[in-house]
Amino acid sequence: MTFVPASRSTVATNLDSQTLRVIRAIADRGSITAAAASLGYSQPAISQSIKRLEDKLGMPVLTRVARGVELTEAGEVLARHAATVLRAIDSAADELADLAGLRSGLVRIAAFPSASSTVVPRLLGDITGRHPGVRFSYLEAEPPEAVQAVRDHAADIALTFSYPGDPDDPHRASASGLVTLPLWREQMLLVVPDAPGLGDGAIELASLADSGWIAGCPRCRGHLVELCEASGFTPALGYETDNVQAVLAMVAAGLGVALMPSLALATTPLPAGVTTRPPTAADYRTVHLVTAQGSAAVPAIGATIAAIQSLDAAAWGLETQSR
1 MTFVPASRST VATNLDSQTL RVIRAIADRG SITAAAASLG YSQPAISQSI KRLEDKLGMP
61 VLTRVARGVE LTEAGEVLAR HAATVLRAID SAADELADLA GLRSGLVRIA AFPSASSTVV
121 PRLLGDITGR HPGVRFSYLE AEPPEAVQAV RDHAADIALT FSYPGDPDDP HRASASGLVT
181 LPLWREQMLL VVPDAPGLGD GAIELASLAD SGWIAGCPRC RGHLVELCEA SGFTPALGYE
241 TDNVQAVLAM VAAGLGVALM PSLALATTPL PAGVTTRPPT AADYRTVHLV TAQGSAAVPA
301 IGATIAAIQS LDAAAWGLET QSR
C-alpha cells in the first residue's frame, strides 16, 4: 500500500483521544487482539480504527510480525505522546467531575458591609458544611463596586441593595449581561434616644424635624434626605459614618438620630438609652443577588445561589421577595 504523508495541520486535526488510547493499548499489550480485549472493543473495530488513522496520516503505524504487531517509528511517536496526552485528558476529566460533583470549585462573593456579619457567615457556614471541597473568597463592597466586580469577572455573585426610586441605582446602569434577582425586603428603622413617653409604636418622621441626623453611606444618605423632604423637612446632617457602633454611640450621646437598615442592627446590641422604631410610613429597601448571565450553570456558583435563596432571613428582619 502506498501512503502519501499528510501535512502537519492534517495530522493535528485527525488525532483524537480514542485513537490515541488504541495506539497506547497496542503498545502496552503487543497485539490487536489483546488491545481490543483491554479496551472492550472488537478486533475488527480496532483494525478499522488503525486503518482510518493510517489513511489520514499518510503513513503506517503498525507492521505485522509473526507474534502479532509492532509499532512503526510513527506508531512509536504516537504511543509516546499518547501517554502524556491521555494523562492530561484523564486529569481534566477528573477535575471536571469534581466540579460537577461539588467536590471542588471557587466562588467569589462581594457584598455590602451589613451583610458581612449576617448573611455571609450564615451562607458560608451552611454551604461549606454540605460541600467542603468548594472554596470561597469574599470582598466587602458597596453596591456599585460589587456590581462592577461581577461585570469585571472579579466576583461571581454580588449581594447588593437598592432604595425605591434611587436615580443612581447601579442595577439599572449595569443590567446588560447580568442577572439581578430580588431576594428580600429589608425594613428601615429609626434609631432614637429611648426618651420617656416615646411609646412602643411607630414614629412620625416629621416629629424628628428638629433633630440632628447621623447619616451613613452616600446611597443611604440620599435616601434619608429624600424621605425627610417627602415629610416636609430637610434633615440637618451633622455626622456621617458607616460604622454601626459609632452611629449607636452618637445616638446614645444625644448627638442625633439615625435611619438604619435592619441588617445593620441585627448583630449589634443597642447601648443603654437607645431604641429603634419603624417610621409611621413604613420604609424598606430591597436586597438583590447579582450574577453574570449563565454563571448559575457552573455547579459551585449554582449551588451557592440556591443556598442564598433558601436562607431563613426572617431572623434578620427580612421579608422574602416573591420570585
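Start counting the sequence shown at 1; every next residue gets the next number (full-length UniProt numbering). Think of the CB as a built atom: it goes at the ideal place given N, C-alpha and C, for glycine as much as any other residue.
query, result
"Tell me whether isoleucine 89 is buried or exposed, calling it buried when 16 or more other Cβ atoms sit within 10 Å of its Cβ.", "exposed"
"Is it right to say isoleucine 305 is buried, meaning 16 or more other beta carbons lie within 10 angstroms of its own, or is it exposed?", "buried"
"Locate the alpha helix (DSSP H) running through isoleucine 127, then write down its first and last residues.", "119-130"
"Can you tell which of Leu255, Glu229 and Ile32 has its C-alpha closest to the C-alpha of serine 211?", "Leu255"
"Would you list the one or two residues that DSSP bridges to leucine 99?", "Note: leucine 99 sits in no beta bridge, so no partner."
"Which residue from Leu208, Gly232 and Ser17 puts its Cα closest to that of alanine 93?", "Ser17"
"Quick one: using the 10 Å Cβ neighbour count with 16 as the cut-off for buried, is alanine 314 buried or exposed?", "exposed"
"Identify, in the order they occur along the chain, each residue of the same chain with its Cβ nearer than 7 Å to the Cβ of glutamate 140, setting aside the five sequence neighbours on each side.", "Ala111, Pro113 and Ser116"
"Check each candidate in Leu78, Arg67 and Leu270 and name the one with the smallest Cα separation from methionine 59.", "Leu78"
"Considering only residues of the same chain and omitting the five flanking positions on each side of valine 61, which have a CB-CB separation below 8 Å?", "Ile23, Ile50, Leu53, Glu54, Leu71, Thr72, Ala74, Gly75 and Leu78"
"Helix, strand or coil for leucine 20 per DSSP?", "helix"
"For proline 279 versus leucine 198, is the C-beta distance shorter than 8 Å?", "no"
"Please classify residue 324 as buried or exposed, where buried requires at least 16 neighbouring CB atoms within 10 angstroms.", "Since the first residue shown for the chain is 1 and the last is 323, residue 324 is missing from the structure and cannot be characterised."
"Find the nearest neighbour of serine 262 within the set Arg221, Trp184 and Leu311, judged by alpha-carbon distance.", "Trp184"
"Taking its Cβ as the centre, do 16 or more other Cβ atoms sit within 10 Å of aspartate 156, making it buried, or is it exposed?", "buried"
"At 3 residues or longer, and completely inside the stretch 246-282: list those beta strand (DSSP E) runs for me, N to C.", "257-261 and 274-277"
"Which same chain residues, not among the five before or five after leucine 289, have their C-beta less than 7 Å away from its C-beta?", "Ile157, Leu159, Leu181, Leu183, Ile305 and Ile308"
"Excluding the 5 residues flanking leucine 86 on each side, which residues of the same chain have their C-beta closer than 7 Å to its C-beta?", "Ser17, Leu20, Arg21 and Arg24"
"Return yes when the Cβ of alanine 258 is within less than 8 Å of the Cβ of isoleucine 214, no when it is not.", "yes"
"Is the beta carbon of residue 351 less than 8 Å from the beta carbon of serine 38?", "Since the first residue shown for the chain is 1 and the last is 323, residue 351 is missing from the structure and cannot be characterised."
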